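This report refers to the structure that appears directly beneath it.
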Amino acid sequence: MLRAAQERRPRQWARELPPVDLLSRDASAAIHVMEHSGYSHEVQPGRTSQFLRAYREFLRRPGGRLALTASECPSCPGCRYDDVAVVRDALEHITGELPAPVRTELRRLLEGLDAEFRRRTLHDPDPSHWVDRSGSPYPWWHRRRYVGR
Ligand SMILES: [Zn+2]
Numbered sequence: 136m137l138r139a140a141q142e143r144r145p146r147q148w149a150r151e152l153p154p155v156d157l158l159s160r161d162a163s164a165a166i167h168v169m170e171h172s173g174y175s176h177e178v179q180p181g182r183t184s185q186f187l188r189a190y191r192e193f194l195r196r197p198g199g200r201l202a203l204t205a206s207e208c209p210s211c212p213g214c215r216y217d218d219v220a221v222v223r224d225a226l227e228h229i230t231g232e233l234p235a236p237v238r239t240e241l242r243r244l245l246e247g248l249d250a251e252f253r254r255r256t257l258h259d260p261d262p263s264h265w266v267d268r269s270g271s272p273y274p275w276w277h278r279r280r281y282v283g284r
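Under my numbering, residues 136 to 284 are what the sequence shown spells out, in order.
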C-alpha cells in the first residue's frame, strides 16, 4: 500500500479541501492525499467525489426498477464510466488503496448505496453475463440487468 495514504494525520492542505461526499474530515483528507499522490492515472484529484456523485445520480433516477447502461466504448477513459458498474469498480479499487480506518468508513458508506442498488436493480439471470471473456467472474454489481439484454 501507498505510504502517503498510510499517514495517520494527513497534511493540513488535504484537511482544508472540501469533504468527499458524506465522509468525515479525516477520511476526506486521506482520500485527497491518495488522489494527489499520482499512484493511478484513473484516480486523479476529485475523482472519488465524482464517482460517488455518479453512483448517487444513478440511484436517484425516478421510477422503480433501474437497468444499467453499458458504455458505448468501454475501453475509452472518457466513456467507460457511463456504465455505473464500472464506476462501482473504481470505488472498490479506491477503497482497497486506503488506510484501514478510512477504508472502513468508505466501505460503510458504500454499503448503504449498494443496498439501494440491489433493491432498485434486478439480477441478470443469464450466466454468460456473469463472467468476463477470460472466464473470471464479475463482481456482483456487474451481474445485474442492463438495458437491451
Ligand atoms: Zn469514448
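Every residue, glycine too, gets a C-beta built ideally from N, C-alpha and C. Here the structure is a predicted model, which is why all the values come from computation and not from measurement.
* How should Ala-165 be labelled, buried or exposed, when 16 other C-beta atoms within 10 angstroms of its C-beta is the threshold for buried? -> The residue you call residue 165 lines up with position 30 of the sequence shown. By the 10 Å Cβ count, Ala-165 comes out buried.
* Asked: Sorry if obvious, but does the Cβ on Glu-207 come closer than 8 Å to a heavy atom of ligand 1?
  -> The residue you call residue 207 lines up with position 72 of the sequence shown. Correct: Glu-207 has its Cβ closer than 8 Å to ligand 1.
* Hey, Arg-278 and Asp-259: beta-carbon distance below 9 Å or not? -> Start at 1 with the first residue of the sequence shown, and residue 278 comes out as number 143. Start at 1 with the first residue of the sequence shown, and residue 259 comes out as number 124. Their beta carbons are under 9 Å apart, which means Arg-278 touches Asp-259 by this criterion.
* Asked: Any heavy atom of ligand 1 closer than 8 Å to the Cβ of Gly-213?
  -> Position 78 of the sequence shown holds residue 213. At least one heavy atom of ligand 1 is nearer than 8 Å to the Cβ of Gly-213, so yes.
* To do: Following the continuous alpha helix (DSSP H) through Trp-148, name the residue where it begins and the one where it ends.
  => If you number the sequence shown from 1, residue 148 lands on position 13. Note, Trp-148: alpha helix (DSSP H), 147-151.
* For His-258, which beta-bridge partners are listed by DSSP? -> Taking the first residue of the sequence shown as position 1, residue 258 is located at position 123. As DSSP reads the structure, His-258 sits in a beta bridge with Arg-279.
* Under the rule that 16 or more other beta-carbon atoms within 10 Å means buried, what is Ser-163, buried or exposed? -> What you label residue 163 is simply residue 28 of the sequence shown in a count that begins at 1. It is buried - the Cβ of Ser-163 has at least 16 other Cβ atoms within 10 Å.
* Delimiting residues of the alpha helix (DSSP H) encompassing His-167 -> As a position in the sequence shown, residue 167 is number 32, starting the count at 1. Bounds of the alpha helix (DSSP H) holding His-167 are 160-171.
* To do: Report the residue from Val-221, Pro-154, Arg-160 and Glu-170 whose alpha carbon sits nearest the alpha carbon of Leu-233.
  => Translated into the one-based positions of the sequence shown, residue 233 becomes position 98. It is Glu-170.
* Chain-order list of residues whose beta-carbon lies under 7 Å from that of Leu-157 (same chain, five-residue window excluded) -> For the purposes of this step, residue 157 is identified with residue 22 of the sequence shown, where counting begins at 1. If we look at Leu-157 and ignore the five residues flanking it on each side, its Cβ neighbours are Leu-244.
* Asked: Would Ala-220 be called buried (16 or more neighbouring beta carbons within 10 Å of its own) or exposed?
  -> Numbered from 1 along the sequence shown, position 85 holds the residue referred to as residue 220. Buried is the call here.
* Is Ser-184 buried or exposed, if buried means 16 or more other CB atoms sit within 10 Å of its CB? -> On the sequence shown, residue 184 is found 49 positions in, with the first residue counted as 1. Flag for Ser-184 reads buried.
* Which of the three DSSP states, helix, strand or coil, is assigned to Val-266? -> If you number the sequence shown from 1, residue 266 lands on position 131. Strand at Val-266.
* Asked: Span of the alpha helix (DSSP H) holding Ser-184?
  -> For the purposes of this step, residue 184 is taken as the residue at position 49 of the sequence shown. That run of the alpha helix (DSSP H) goes 182-194.
* Run the CB neighbour count on Thr-239, radius 10 Å, all protein chains shown included, and call it buried at 16 or more, exposed below. => Here residue 239 corresponds to residue number 104 of the sequence shown, with the count starting at 1. Counting Cβ neighbours within 10 Å, Thr-239 comes out exposed, since fewer than 16 surround it.
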